[in-house]
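Colleague:
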Amino acid sequence: MTDTPPSDGPSQGAEFDMMGALDWQDGIATLPGSDIKFRMTEFGTLEIVTEPEVKDAGPTPQNPAHVEAGPRAEAAGPRAEAAGPRAAMASCRSCGGSGPLESFLQGKYCSSICVQPSSVTAPPNKKRPWSWPSYMEEEKAIAAPLKLFKEHQSFPQSRNAFKVGMKLEGLDPCHPSLFCVLSVAEVQGYRVRLHFDGYPECYDFWVNADTWDVKPAGWCEKMGHKLLLPKGCKDGEFNWNMYVKNCRGQLAPKHLFKSLNTSVTPSGFRAGMKLEAVDKKNPYLICVASIAAAVDNRLLIHFDNWDDTYDYWCDASSPYIHPVGYCEEAELTLTTPAEYKHPRSFSWDKYMEETGTQAAPARAFKLRPCHGFQAGMKLEAVDKRNPMLIRVATIAEVEDHRLRIHFDGWSEEYDYWVDADCPDLHPVGWCQKTSHPLQHPSNGSTDMLVLPGQGCPTPGCNGVGHIRGPRYGTHYTCPYSEMNLNREGQVPDRLSGERPITLSGPHHRGRRPDPPSHAQTNSPTTPEQPECSSQSEYLQLISPPSPPDSLSLQQALHESVFSPGGSSSPPHRVALCWDKHCQLLPEVLGLTAKRVATWTADEVASFVKGLPGCKEHAATFRTEQMDGEAFLLLTQADIVKILSIKLGPALKIYNAILMLKNADEE
Numbered sequence: 004m005t006d007t008p009p010s011d012g013p014s015q016g017a018e019f020d021m022m023g024a025l026d027w028q029d030g031i032a033t034l035p036g037s038d039i040k041f042r043m044t045e046f047g048t049l050e051i052v053t054e055p056e057v058k059d060a061g062p063t064p065q066n067p068a069h070v071e072a073g074p075r076a077e078a079a080g081p082r083a084e085a086a087g088p089r090a091a092m093a094s095c096r097s098c099g100g101s102g103p104l105e106s107f108l109q110g111k112y113c114s115s116i117c118v119q120p121s122s123v124t125a126p127p128n129k130k131r132p133w134s135w136p137s138y139m140e141e142e143k144a145i146a147a148p149l150k151l152f153k154e155h156q157s158f159p160q161s162r163n164a165f166k167v168g169m170k171l172e173g174l175d176p177c178h179p180s181l182f183c184v185l186s187v188a189e190v191q192g193y194r195v196r197l198h199f200d201g202y203p204e205c206y207d208f209w210v211n212a213d214t215w216d217v218k219p220a221g222w223c224e225k226m227g228h229k230l231l232l233p234k235g236c237k238d239g240e241f242n243w244n245m246y247v248k249n250c251r252g253q254l255a256p257k258h259l260f261k262s263l264n265t266s267v268t269p270s271g272f273r274a275g276m277k278l279e280a281v282d283k284k285n286p287y288l289i290c291v292a293s294i295a296a297a298v299d300n301r302l303l304i305h306f307d308n309w310d311d312t313y314d315y316w317c318d319a320s321s322p323y324i325h326p327v328g329y330c331e332e333a334e335l336t337l338t339t340p341a342e343y344k345h346p347r348s349f350s351w352d353k354y355m356e357e358t359g360t361q362a363a364p365a366r367a368f369k370l371r372p373c374h375g376f377q378a379g380m381k382l383e384a385v386d387k388r389n390p391m392l393i394r395v396a397t398i399a400e401v402e403d404h405r406l407r408i409h410f411d412g413w414s415e416e417y418d419y420w421v422d423a424d425c426p427d428l429h430p431v432g433w434c435q436k437t438s439h440p441l442q443h444p445s446n447g448s449t450d451m452l453v454l455p456g457q458g459c460p461t462p463g464c465n466g467v468g469h470i471r472g473p474r475y476g477t478h479y480t481c482p483y484s485e486m487n488l489n490r491e492g493q494v495p496d497r498l499s500g501e502r503p504i505t506l507s508g509p510h511h512r513g514r515r516p517d518p519p520s521h522a523q524t525n526s527p528t529t530p531e532q533p534e535c536s537s538q539s540e541y542l543q544l545i546s547p548p549s550p551p552d553s554l555s556l557q558q559a560l561h562e563s564v565f566s567p568g569g570s571s572s573p574p575h576r577v578a579l580c581w582d583k584h585c586q587l588l589p590e591v592l593g594l595t596a597k598r599v600a601t602w603t604a605d606e607v608a609s610f611v612k613g614l615p616g617c618k619e620h621a622a623t624f625r626t627e628q629m630d631g632e633a634f635l636l637l638t639q640a641d642i643v644k645i646l647s648i649k650l651g652p653a654l655k656i657y658n659a660i661l662m663l664k665n666a667d668e669e
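Remember, my numbering sits 3 above the position in the sequence shown when you count from 1.
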């Protein structure tokens, strides 16, 4: 006699339905592919029957409803025969089978199997696959019409032919005036993850395959633009063919770049012309600006005497650019260059005469019509906090040229504003069309497999992504956690200490004006830019550790990769041989954790370099931008598994951390 295997819950039943795998006829079950036959006993178990027993049993009369119910109702067979045809009939509450009432257990169930709520014979609870039509029908919502999307947002006309390892040239999204050497690091649907050659992977970024921001190798040389080379490559000696050969890579074919086939419409804009432009990072500011470059139909806007990180590309119809005199006519405040301490004394005519420039003609500015999107429309949007993901989204609010995007199934605190023509917005069905995973709204579930140990306590997060960028497939620091929700600048500037020549040309690193007290903006706040002249900006990069009152700014710029684990500091009951350690690590003497917490990444690297046998690992801490706070939070497992440092040096580094913490306690 063979018992039915115990059930651990509905999930196992969904994987394998033993009763459903048998062929049932007249109360006798046959195992497909064999001559073995079974029947159900009154105890809800299966027993093997022989051929003579099958013939002796004969056909078992069954109510049609009983047959419909399946093998569960067969358990009531022996009792039904004993009760006789005139007995009162009842229906099983579990399987729906019919039988004599007096043969039912508790007067409700036809067998002991049906009494168990988690029985393997329960119908498998198969989850219906998620689909846009059924979801919108349930939500009584409508999809954003396809006609509202720009060409670069809509369904692509060709497949993504980029391959991992291909080399190309492209714009740095954090320094839009720079064209850099890039490699394709990952391909997903119609999107690619691009990597800066010679820099850590934490600076990687995602773009669509048809983006204007990428160009084939050699484009900068042909167009006369400066190409920022990887570290170690010298100007004048760089050759694409030799570089690709040494890297064992390949150049991306020119036909993959759709932007090269775009027709160029003549416009009245020229590089060097002046205008008034909105700072997209601080939309309450309209500033004195210049056209730093004009390429195809796009303009590079640069704010006079500001850092090039505020630059952005746009076209002639952008609502963010205005002709000279716009603010005066509209009675708005114009933010002037830093050298003008009294903005009211600023005169455009005098300024252009001093700089030898001219204003962009008013006729060159085009009026962009309203987008047509409405609140409540559904679409698919890239998650800016985790750009490798595209989620089901709803337009929560609209402005003339902007949309507030809400991710379905998530709190409103994760909403954010984007331009209506943002390339990260797509029509319903875009992911399916391009074979890109779509994150469903039901419970934050995803098409991606979540491996054991990759879960996350943040509701809706499956452990994918990292606050420090695309390098990490999973995370120790969740991009959706409360502490990271509205933070930016988690990754230090890629070009810290470097001042390459940009399309914007040489300029001062101006100070961003403080927002007025009454100004409100929906854009996230950004760290304040340091005020310094062009001569002192190099000195500031190598200045001594900041005083404690500026520690909050350091934290905003250099947030730790690692969250403190339970074993970050030893229990007090564990006896540590501090004298012995002091003899081995004399570099720790006189230092405390409080002091180390103010260190920069370079100071941490210098400290590690001084530890016995750890000299070669100092570069790792500098590359990872590991500041003092992050250094103190490291566990031994972090040093070995994440930083890939061998156990011997890792023990010395971790012991040094323990000694620093102990020095504070003493």
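Idealized CB from N, CA, C, for every residue including glycine.
Cα separation between Cys236 and Met169?
Modeller: What you label residue 236 is simply residue 233 of the sequence shown in a count that begins at 1. What you label residue 169 is simply residue 166 of the sequence shown in a count that begins at 1. For Cys236 and Met169, the distance between alpha carbons rounds to 19 Å.
Colleague: How far does the alpha helix (DSSP H) with Tyr193 in it extend, from its first residue to its last?
Modeller: Within the sequence shown, numbered from 1, the residue matching residue 193 stands at position 190. Run containing Tyr193: none; DSSP gives neither H nor E here.
Colleague: Are the Cβ atoms of Leu302 and Ile294 separated by less than 8 Å?
Modeller: If you number the sequence shown from 1, residue 302 lands on position 299. If you number the sequence shown from 1, residue 294 lands on position 291. Cβ distance < 8 Å, so Leu302 and Ile294 count as in contact.
Colleague: From the DSSP output, which residues share a beta bridge with Ile660?
Modeller: By one-based count along the sequence shown, residue 660 stands at place 657. None, per the DSSP bridge assignment.
Colleague: Nearest to Leu149 by alpha carbon, out of Ala367, Lys387 and Asp424?
Modeller: On the sequence shown, position 146 is the one that residue 149 refers to. Checking every option, the nearest Cα to that of Leu149 belongs to Asp424.
Colleague: Beta-carbon within less than 7 Å of Val307's beta-carbon, same chain only, minus the 5 sequence neighbours each way: which residues are those?
Modeller: Locating residue 307 in the sequence shown gives position 304, counting from the first residue. Note that residue 307 corresponds to Asp in the displayed sequence, not to Val. Same-chain partners within the cutoff: Val291, Ala292, Ser293 and Pro340.
Colleague: What are the uninterrupted segments assigned as alpha helix (DSSP H) that are 4 or more residues long and contained completely in the stretch 346 to 374, given in chain order?
Modeller: Segments of the alpha helix (DSSP H) lying fully in the stretch 346 to 374: 351 to 358.
Colleague: Rounded to whole angstroms, what is the Cα-Cα separation between Gln137 and Val395?
Modeller: Taking the first residue of the sequence shown as 1, we reach residue 137 at position 134. Taking the first residue of the sequence shown as 1, we reach residue 395 at position 392. The sequence shown places Ser at residue 137, not Gln. Their backbone Cα atoms lie some 13 Å apart in a straight line.
Colleague: For my contact list, Cys434 and Glu383 are in at a C-beta cut-off of 8 Å; report their separation, rounded to the angstrom.
Modeller: What you label residue 434 is simply residue 431 of the sequence shown in a count that begins at 1. What you label residue 383 is simply residue 380 of the sequence shown in a count that begins at 1. Indeed they touch by this definition, with Cβ atoms about 6 Å apart.
Colleague: What's the call for Arg196, buried or exposed, on a 16-neighbour Cβ count within 10 Å?
Modeller: The count along the sequence shown starts at 1 and reaches residue 196 at position 193. So Arg196 ends up on the buried side.
Colleague: Use the C-beta contact count for Ile51: other C-beta atoms within 10 angstroms, 16 or more gives buried, fewer gives exposed.
Modeller: Residue numbering aside, residue 51 sits at position 48 when the sequence shown is read from its first letter. It is exposed - the Cβ of Ile51 has fewer than 16 other Cβ atoms within 10 Å.
Colleague: Would DSSP call Pro430 helix, strand or coil?
Modeller: Here the question's residue 430 lines up with position 427 in the sequence shown. It is coil, neither helix nor strand.
Colleague: What does the alpha-carbon distance come out to for the pair Val401 and Glu332?
Modeller: Position 398 of the sequence shown holds residue 401. Position 329 of the sequence shown holds residue 332. Each residue's alpha carbon lies about 26 Å from the other.
Colleague: Given 8 Å as the limit, is there contact between the stretch 601 to 612 and the stretch 630 to 637, that is, 3 or more CB pairs closer than that?
Modeller: Yes: the two stretches touch, three or more of their Cβ pairs being nearer than 8 Å.
Colleague: My guess is that Gly185 and Glu172 are in contact by the Cβ rule of under 8 Å, so how many angstroms apart are they, rounded?
Modeller: Taking the sequence shown and counting its residues from 1, one reaches residue 185 at position 182. Taking the sequence shown and counting its residues from 1, one reaches residue 172 at position 169. This sequence places Leu at residue 185; Gly is not what is there. Indeed, because the Cβ distance is near 7 Å, the residues count as touching under 8 Å.
Colleague: So Tyr193 and Pro219 are supposed to be a Cβ contact under 8 Å. How far apart are they, rounded?
Modeller: As a working note, residue 193 is residue 190 in the sequence shown. As a working note, residue 219 is residue 216 in the sequence shown. Going by Cβ atoms, the distance from Tyr193 to Pro219 rounds to 19 Å, so no, they are not a contact pair.
Colleague: In three-state DSSP terms, what is Trp27?
Modeller: The sequence position of residue 27 within the sequence shown is 24, counting from 1. Trp27 falls in the strand class under three-state DSSP.
Colleague: Measure the beta-carbon distance from Arg1 to Pro322 and round it to whole angstroms, keeping in mind my assumption that it falls under 8 Å.
Modeller: With the chain covering only 4 through 669, there is no way to say anything about residue 1.
Colleague: Taking only the alpha-carbon atoms, compute the straight-line gap between Phe152 and Thr336 and give it to the nearest angstrom.
Modeller: Against the sequence shown, residue 152 aligns to sequence position 149. Against the sequence shown, residue 336 aligns to sequence position 333. Taking the straight line joining both Cα atoms gives about 33 Å.
Colleague: Does Gln435 come out as helix, strand or coil in the three-state DSSP assignment?
Modeller: The residue labelled residue 435 in the question sits at position 432 within the sequence shown. Correct three-state label for Gln435: helix.
Colleague: Report buried or exposed for Val210, applying the criterion of at least 16 other Cβ atoms within 10 angstroms of its Cβ.
Modeller: For the purposes of this step, residue 210 is taken as the residue at position 207 of the sequence shown. By the 10 Å Cβ count, Val210 comes out buried.
Colleague: Taking all protein chains shown into account, decide if Cys373 is buried (16 or more other Cβ within 10 angstroms of its Cβ) or exposed.
Modeller: Numbered from its first residue, the sequence shown carries residue 373 at position 370. Label assigned to Cys373: exposed.
Colleague: So, are the CB atoms of Val385 and Ala362 less than 8 Å apart?
Modeller: Taking the sequence shown and counting its residues from 1, one reaches residue 385 at position 382. Taking the sequence shown and counting its residues from 1, one reaches residue 362 at position 359. No, the Cβ-Cβ distance between Val385 and Ala362 is not below 8 Å.
Colleague: From the DSSP output, which residues share a beta bridge with Phe199?
Modeller: For the purposes of this step, residue 199 is taken as residue 196 along the sequence shown, with counting starting at 1. In the DSSP output, where bridge partners are listed per residue, Phe199 has Leu185.
Colleague: Out of Ala280, His325 and Pro103, which one is the CA nearest neighbour of Tyr313?
Modeller: Position 310 of the sequence shown holds residue 313. Residue Ala280 is the option with its Cα nearest to Tyr313.
Colleague: Tell me whether the beta-carbon of Leu406 lies closer than 8 Å to the beta-carbon of Ile398.
Modeller: Translated into positions along the sequence shown, residue 406 becomes position 403. Translated into positions along the sequence shown, residue 398 becomes position 395. For Leu406 and Ile398, yes; Cβs fall inside 8 Å.
Colleague: Please look up how many angstroms separate the CB atoms of Lys664 and Ala596, rounded, as I've assumed it's under 8 Å.
Modeller: For the purposes of this step, residue 664 is identified with residue 661 of the sequence shown, where counting begins at 1. For the purposes of this step, residue 596 is identified with residue 593 of the sequence shown, where counting begins at 1. Between Ala596 and Lys664 the Cβ distance is about 5 Å, and since that is below 8 Å, they are a contact.
Colleague: On the three-state DSSP scale, how would you describe Cys1?
Modeller: It is not possible to answer for residue 1, since the shown part of the chain is limited to 4 through 669.
Colleague: For Pro652, which residues of its own chain have a beta-carbon under 7 Å away from its beta-carbon, when the five flanking residues on both sides are left out?
Modeller: Residue 652 sits at position 649 when you count from the first residue of the sequence shown. Taken in chain order, the residues that qualify are Gly616, Cys617 and His620.
Colleague: If you follow the beta strand (DSSP E) that Glu416 is in, where does it begin and where does it stop?
Modeller: Position 413 of the sequence shown, counted from the first residue, corresponds to residue 416. Counting along the chain, Glu416 falls outside any beta strand (DSSP E), and DSSP gives it neither H nor E.
Colleague: With a 10 Å radius around its C-beta and 16 neighbouring C-beta atoms as the bar for buried, classify His305 as buried or exposed.
Modeller: Taking the first residue of the sequence shown as position 1, residue 305 is located at position 302. Looking at its Cβ environment, which holds 16 or more other Cβ atoms inside 10 Å, His305 is buried.
Colleague: What are the complete beta strand (DSSP E) segments, minimum 3 residues, inside the stretch 372 to 406?
Modeller: Runs found: 381 to 385 and 393 to 401.
Colleague: Is Gly271 near Pro364, with beta carbons less than 8 Å apart?
Modeller: Within the sequence shown, numbered from 1, the residue matching residue 271 stands at position 268. Within the sequence shown, numbered from 1, the residue matching residue 364 stands at position 361. Taking 8 Å as the Cβ cut-off, Gly271 and Pro364 qualify as a contacting pair.
Colleague: Helix, strand or coil for Thr214? Go by DSSP, reduced to three states.
Modeller: Residue 214 sits at position 211 when you count from the first residue of the sequence shown. Reduced to three states, the DSSP call for Thr214 is coil.
Colleague: On a Cα-Cα basis, can you pick out the residue from Gln253, Arg131 and Glu334 that is closest to Lys166?
Modeller: Along the sequence shown, read from residue 1 onward, the residue named residue 166 stands at position 163. The option with the nearest alpha carbon to Lys166 is Gln253.
Colleague: Could you tell me how far apart the beta carbons of His155 and Pro426 are, in whole angstroms, since I believe they sit closer than 8 Å?
Modeller: Locating residue 155 in the sequence shown gives position 152, where the first residue counts as 1. Locating residue 426 in the sequence shown gives position 423, where the first residue counts as 1. With a Cβ gap of about 5 Å, His155 and Pro426 count as contacting.
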